[in-house]
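*Asks:* The structure is given below, and queries will be raised subsequently.
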Amino acid sequence: MTTPSTESTPTATERVPGTGHTEQTFLIGEHVYLRPIAAADAKAATAWRDTIFPVSTERTEDYIKETIDKQDPFKEITLALVRKADDVVVGSIHANFAWIAADFSGHVDPLYGEQGQAWKAEGIVLVAQWVVNEQHAISGLCQLPASETVVIAGLAQAGFREVARFREWFIRDGKRVDKVALEYLNASWVATLGDPATDELPRAGTGEARPVPEKVTLESDPPENAILVGKRVYLRPPTREDVEEVVKYSRRETETFFDIGRHMPDIEGFADWNETSQKEEFPRWVRFSACLRETGEVIGEVGLFDVDLINRTAESASFFHRPEYRGGGYGSEAKQLMMEYAFDRLGLHVIQSWVYFPNTRSAAALRKQGYTEAGRIHWRFINEGTWENFIVFDFLASEWRAMPRKDWDQAAG
Amino acid sequence: MSESPTPASAVLESLGQTFLVGEEIYLRRIEKRDARAVMSLRDTVWPQSPAVAETWIAEGLRNKPFGVWTVVRKADDRPVGSMTLYHRNIAPIITVHIDPLHAAAGRWTAEVYRLVVPWLRDETHTVSLQLPIAANQGEAIAELEAMGCICGARFREMLRVDGHWVDLLRYVALHPRWQERLGNPAETPIARSGSGLPQPVPPVGKVTGTPPKGAMAIGERVYLKAFDKEDAEALSRFNRVETETFFGHSRILTTDGNKVRSRLEEPSFTLRDYIPFAIRRRSDDRTIGDCGLEGIDFVHQSAESYSWFFDPSARGQGLGFEAKHLLLSYAFDTLGLHSVQSYVLEENLRSAAALRKQGYTEAGRLFWKQLGAGGFQNQIVFDILADEWRALPRSAEPTSTASISHEGA
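As you go down the protein sequences, you meet chains V and S in turn.
So the number in the numbering used here is just where the residue sits in the first sequence, counting from 1, plus 7.
So the number in the numbering used here is just where the residue sits in the second sequence, counting from 1, plus 5.
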């Protein structure tokens, strides 16, 4: 090559080990530093890729090109976690700052043990201070297995605080461990708005769980394409016509508390979303239309998001677009059919659910269905001149199975 | 197409709709059936058939950072225009287009704003709703004023409308609760540094011998070239040694790959809306930054200029001034643009001072555009017209011209 080189720093092979961090001015900690992932890092994939599957160098090269290089650095970034002493990549730190709040996660080669956990804590703290204090994210959230005690202690020392605990969420070394949610609030916003931990959670309903409806034995043919059938409601895969129906009703919505104002979904995007997940072999999202047995009408939808078949977890969601079927127990019946699907068919161990503080009705419904409060997550979205909070729930399969079964009186809500 | 009277079979779809329904029009999400009215919906000068529009609606709008809404006449469910909602963090943008062939277009535009602003500001609690609107939309502007929206900026002659240049106004609807907490940002004075006076445009650089490889515009000390992988790698490295955090995005890190991708994925040799250049220093042929034009609109002949000096050692020596005039020369004399706009975070006094020195004029402010430390940050915005740039004083030709040559270039 005769063109003058713009190379200003030595290449990795020429570099004196332990001097890598001098090539940057920020994201440098006591023992580790964070730098962009480079093509050469494909060789160290096992250390930094957060996967339990074996991944070849070649597949990782593609992953860097197709995933890492396509990240919008203003919104999402995966950084190499590098040991200062010898410039060895020991893990990676991921930050997602797509909207106003951020999420952090990290992975360190588990073979490093407790030492690795300390590096992971250092890396997450570096990235949190950068994204929250410098890029002005209003809050940052990090969810970790409770077994990572060294990471948790490191984060707590840097100002993270534990706000929620989802029980038995992960499998680590053959054992069930809780998922701990730690948040790092932007101190400037705490100065402006006060500490949201003191915000009072509005509540509705008794908070008591009601029995699970008895399983239905069909005396006639099942409804067409049904997957689970209850006494009044059944679940079937959503179709494009269902989407058009939901959109039609979204235009007639009168309630504004479900989702901070009314919204109109776009038919094409919504239908594509359904179809895409139905085409996958192991879908991350499973969605059902909830229909009336009597007429076949679609009254709502229930679904599982982020289905994780390793840890056997998911997040549940539901929405009932037909106002005349809200509050009559139809929603809870559909939801209980989905529990049967989640726990008995998929064999999930635990599910979670997140509800906006002002949506007291959905929170009351979850308590009635058997969910338990797992804590609260602050400052994740915008509402009425402030940042709004989530109340979060979890629900174990064993708890659902231990609930009393009883035939629901049709009239009971 | 003639105006159709209300057909006997009219569905009168708006009857059950509970929001975004006005006196004469209503809004709903765009659907495939709207393709037949595409020329009423799209704000474009290019003819488009319903078949092409149907693909655009079914596939082209998927996973986009904006949503399109159809504006429909209540009397007969006929689509007459569209509203586009761009999701931009705390400050989404809406634009409204009503088919100007309808005599009532001005009135219906005003009605769209009357429906949409309260919905987004008061019901979904948007922090700062950005409302760019052509200055000739008198009825709609009166409506915005009546709803308490503030006009923060005026970009001169940014739009070509029926053979005339029209200004683009930037209104904003700020959420009242946030205003109670944080005050009205329009009442805070603009902080400025520097003299604010334009300086003479530097002369074009002279080359004897072989010009630098890939050079497209040459100044005395810097030149602009097509952005390539080598430049991307150099700039990625500079990102890691950044010490300043006030430019507008804090410090970011990029992989070599995503830097290349973000600068190079545009097709070459055709009209396009984004043109990036790498800036190289002539003395050592090192890449020190980049500059370019984005949002280029060849119909309205406008674009936004940007420049970043990644190399901290290259700042404060007038190299950016020289590079910017090479870029403006390209924008006005090569592309034939009529106006160029520029956006700077209000606290970035240095870049704002540089723009004034380069001949740009302050166009106003865009309020609460992004998150700040315990508050929101404004942008200060500028524009410069081709005539103004041409009328700026010019420096004398350089007395001596250094020759630079690159072997094998």
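For every residue, glycine included, the Cβ atom is placed at its ideal position computed from N, Cα and C.
Just so we're clear, the structure is a prediction, and the values are computed from it rather than from any experiment.
Applying the criterion that 16 or more other CB atoms from any shown protein chain within 10 Å of the CB defines a buried residue, is residue 422 (chain V) buried or exposed?
*Replies:* Outside the shown range of chain V, which is 8 to 420, sits residue 422 (chain V), and nothing can be said about it.
*Asks:* From this set, S:357, S:119, S:374 and S:313, which residue's C-alpha is nearest residue 195 (chain S)'s C-alpha?
*Replies:* Translated into the one-based positions of the second sequence, residue 195 (chain S) becomes position 190. Per the Cα distances, S:357.
*Asks:* Please name the residue, chosen from S:83, S:116, S:318 and S:372, that lies closest to residue 243 (chain S) on a Cα-to-Cα basis.
*Replies:* The residue given as residue 243 (chain S) occupies position 238 in the second sequence. Looking at the Cα atoms, S:318 is the closest of the given residues.
*Asks:* Give the secondary structure of residue 196 (chain V) by DSSP, where H, G and I count as helix, E and B as strand, and everything else as coil.
*Replies:* For the purposes of this step, residue 196 (chain V) is identified with residue 189 of the first sequence, where counting begins at 1. Correct three-state label for residue 196 (chain V): helix.
*Asks:* Return the residues of the region 369-397 of chain V that lie within a Cβ-Cβ distance of less than 8 Å from chain S, sorted by chain order.
*Replies:* Hits within the stretch, in order: 389, 390, 391, 392 and 393.
*Asks:* Let me know the beta strand (DSSP E) ranges lying completely inside the region 291-334 of chain V, each 3 residues or longer, listed in chain order.
*Replies:* Within the region 291-334 of chain V, the complete beta strand (DSSP E) runs of at least 3 residues are 293-299, 305-315 and 320-326.
*Asks:* The alpha helix (DSSP H) spanning residue 380 (chain V) covers which residue range?
*Replies:* Your numbering for residue 380 (chain V) matches position 373 in the first sequence. Not the alpha helix (DSSP H): residue 380 (chain V) falls in the beta strand (DSSP E), residues 379-390.
*Asks:* So the candidates are V:298, V:390, V:414 and V:23; which of them puts its Cα closest to the Cα of residue 220 (chain V)?
*Replies:* Translated into the one-based positions of the first sequence, residue 220 (chain V) becomes position 213. If we check each option's Cα against that of residue 220 (chain V), V:414 comes out closest.
*Asks:* Measuring only between beta-carbons, confirm whether residue 31 (chain V) sits less than 9 Å from chain S.
*Replies:* Here residue 31 (chain V) refers to the residue found at position 24 when the first sequence is read from its first residue. With 9 Å as the cut-off, residue 31 (chain V) counts as an interface residue toward chain S.
*Asks:* Skipping 5 residues on each side, what residues in its chain have a beta carbon closer than 7 Å to that of residue 247 (chain V)?
*Replies:* The residue you call residue 247 (chain V) lines up with position 240 of the first sequence. Cβ within range, chain order: 278.
*Asks:* Give the DSSP-derived three-state secondary structure of residue 10 (chain S) in the structure shown.
*Replies:* Position 5 of the second sequence, counted from the start, is the residue given in the question as residue 10 (chain S). Bear in mind that the predicted position of residue 10 (chain S) carries a pLDDT of just 47, short of 50, making it unreliable; the figure below should be weighed with that in mind. Three-state result, residue 10 (chain S): coil.
*Asks:* Is the CB-CB distance between residue 480 (chain V) and residue 313 (chain V) below 9 Å?
*Replies:* Because chain V in this structure spans residues 8 to 420, residue 480 (chain V) falls outside the shown range and cannot be described.
*Asks:* Whether or not the region 102-110 of chain S and the region 81-88 of chain S are in contact is what I'm after, with contact meaning three or more pairs of Cβ atoms, one per stretch, closer than 8 Å; do they touch?
*Replies:* Output reads yes: the region 102-110 of chain S touches the region 81-88 of chain S.
*Asks:* I'd like the ranges of any alpha helix (DSSP H) spanning at least 4 consecutive residues and lying wholly in the region 137-201 of chain S.
*Replies:* The qualifying runs are 143-151 and 181-187.
*Asks:* If we count the other Cβ atoms within 10 Å of its Cβ and call it buried at 16 or more, is residue 68 (chain S) buried or exposed?
*Replies:* The count along the second sequence starts at 1 and reaches residue 68 (chain S) at position 63. That one is exposed.
*Asks:* Check for me: the alpha helix (DSSP H) holding residue 120 (chain V) runs from which residue to which?
*Replies:* The residue given as residue 120 (chain V) occupies position 113 in the first sequence. From DSSP, the alpha helix (DSSP H) with residue 120 (chain V) extends over 120-135.
*Asks:* Kindly say whether residue 24 (chain S), judged by its beta-carbon, lies nearer than 9 Å to any beta-carbon of chain V.
*Replies:* The sequence position of residue 24 (chain S) within the second sequence is 19, counting from 1. So, interface residue.
*Asks:* Write down every uninterrupted run of the beta strand (DSSP E) in the region 293-369 of chain S whose length is 3 residues or greater and which is fully enclosed by it, in chain order.
*Replies:* With a minimum length of 3 residues, the continuous beta strand (DSSP E) runs that stay inside the region 293-369 of chain S are 307-314 and 344-350.
*Asks:* Have a look at the DSSP bridge pairing and note the partners of residue 76 (chain V).
*Replies:* Taking the first sequence and counting its residues from 1, the one referred to as residue 76 (chain V) is at position 69. Partner(s): none; residue 76 (chain V) has no beta bridge.
*Asks:* Consult DSSP for residue 22 (chain S) and reduce its assignment to one of helix, strand or coil.
*Replies:* Stepping through the second sequence from its first residue, residue 22 (chain S) is reached at position 17. Reduced to three states, the DSSP call for residue 22 (chain S) is coil.
*Asks:* Note down, one range per segment and in chain order, each beta strand (DSSP E) of at least 3 residues found wholly within the region 22-108 of chain V.
*Replies:* Runs found: 39-43, 83-90 and 96-103.
*Asks:* Among residues of its own chain, excluding the 5 on either side of residue 26 (chain S), which ones have a beta-carbon nearer than 6 Å to its beta-carbon?
*Replies:* Working through the second sequence from its first residue, we reach residue 26 (chain S) at position 21. Cβ within range, chain order: 19.
*Asks:* Within 10 Å of its beta-carbon, does residue 23 (chain V) have 16 or more other beta-carbons around it, so buried, or fewer, so exposed?
*Replies:* Counted from its first residue, the first sequence places residue 23 (chain V) at position 16. Residue 23 (chain V) is exposed by the Cβ-count criterion.
*Asks:* Which full runs of the alpha helix (DSSP H) of 4+ residues lie inside the region 84-146 of chain S, going along the chain?
*Replies:* Those alpha helix (DSSP H) runs which fall completely within the region 84-146 of chain S and span 4+ residues are 110-123.
*Asks:* What distance in whole Å lies between the Cβ atoms of residue 175 (chain V) and residue 185 (chain V), which are believed to be in contact at a cut-off of 8 Å?
*Replies:* In the first sequence, counting from the first residue as 1, residue 185 (chain V) sits at position 178. In the first sequence, counting from the first residue as 1, residue 175 (chain V) sits at position 168. Confirmed, Cβ separation roughly 6 Å.
*Asks:* Please check if any C-beta of chain V sits within less than 9 Å of the C-beta of residue 37 (chain S).
*Replies:* Here residue 37 (chain S) refers to the residue found at position 32 when the second sequence is read from its first residue. Yes - at least one Cβ of chain V is within 9 Å of the one on residue 37 (chain S).
*Asks:* Apart from the five residues on each side of it in sequence, which residues of its chain come closer than 7 Å, Cβ to Cβ, to residue 232 (chain V)?
*Replies:* Within the first sequence, residue 232 (chain V) is the residue found at index 225, counting from 1. Here the set comprises 243 and 244.
*Asks:* Can you confirm whether residue 75 (chain V), when its beta carbon is compared against all beta carbons of chain A, has any partner nearer than 9 Å?
*Replies:* No chain A is part of this structure, whose protein chains are labelled V and S.
*Asks:* CA-CA distance, residue 141 (chain S) and residue 158 (chain S)?
*Replies:* As a position in the second sequence, residue 141 (chain S) is number 136, starting the count at 1. As a position in the second sequence, residue 158 (chain S) is number 153, starting the count at 1. Each residue's alpha carbon lies about 15 Å from the other.
*Asks:* Thinking just about the alpha-carbon of each residue, which of S:58, S:118, S:75 and S:131 is nearest to the one in residue 415 (chain S)?
*Replies:* The requested residue 415 (chain S) does not occur in the structure, where chain S is confined to residues 6 to 414.
*Asks:* Ignore the nearest five residues each way along the sequence and tell me which others in residue 348 (chain S)'s own chain have a CB closer than 6 Å to its CB.
*Replies:* Along the second sequence, read from residue 1 onward, the residue named residue 348 (chain S) stands at position 343. Closer than 6 Å at Cβ, skipping near neighbours: 384 and 386.
*Asks:* Below 7 Å on C-beta distance, what does residue 396 (chain S) contact in chain V?
*Replies:* By 1-based counting over the second sequence, the position of residue 396 (chain S) is 391. Under the 7 Å cutoff, chain V gives no residues; its nearest Cβ is about 37 Å from residue 396 (chain S).
*Asks:* Within 8 Å, do at least three Cβ pairs link the region 49-58 of chain S to the region 286-303 of chain V?
*Replies:* No: the two stretches stay apart, fewer than three of their Cβ pairs being nearer than 8 Å.
*Asks:* Could you work out which residue in V:93, V:152 and V:172 is closest to residue 383 (chain V) when comparing CA atoms only?
*Replies:* By 1-based counting over the first sequence, the position of residue 383 (chain V) is 376. If we check each option's Cα against that of residue 383 (chain V), V:172 comes out closest.
*Asks:* Could you tell me the distance, in whole angstroms, from the CA atom of residue 104 (chain V) to the CA atom of residue 333 (chain S)?
*Replies:* Numbered from its first residue, the first sequence carries residue 104 (chain V) at position 97. Numbered from its first residue, the second sequence carries residue 333 (chain S) at position 328. Rounded to whole angstroms, residue 104 (chain V) to residue 333 (chain S) spans 34 Å at the Cα level.
*Asks:* List the residues of chain V whose Cβ lies closer than 9 Å to the Cβ of residue 318 (chain S), in chain order.
*Replies:* Your numbering for residue 318 (chain S) matches position 313 in the second sequence. Simply none; closest approach about 10 Å.
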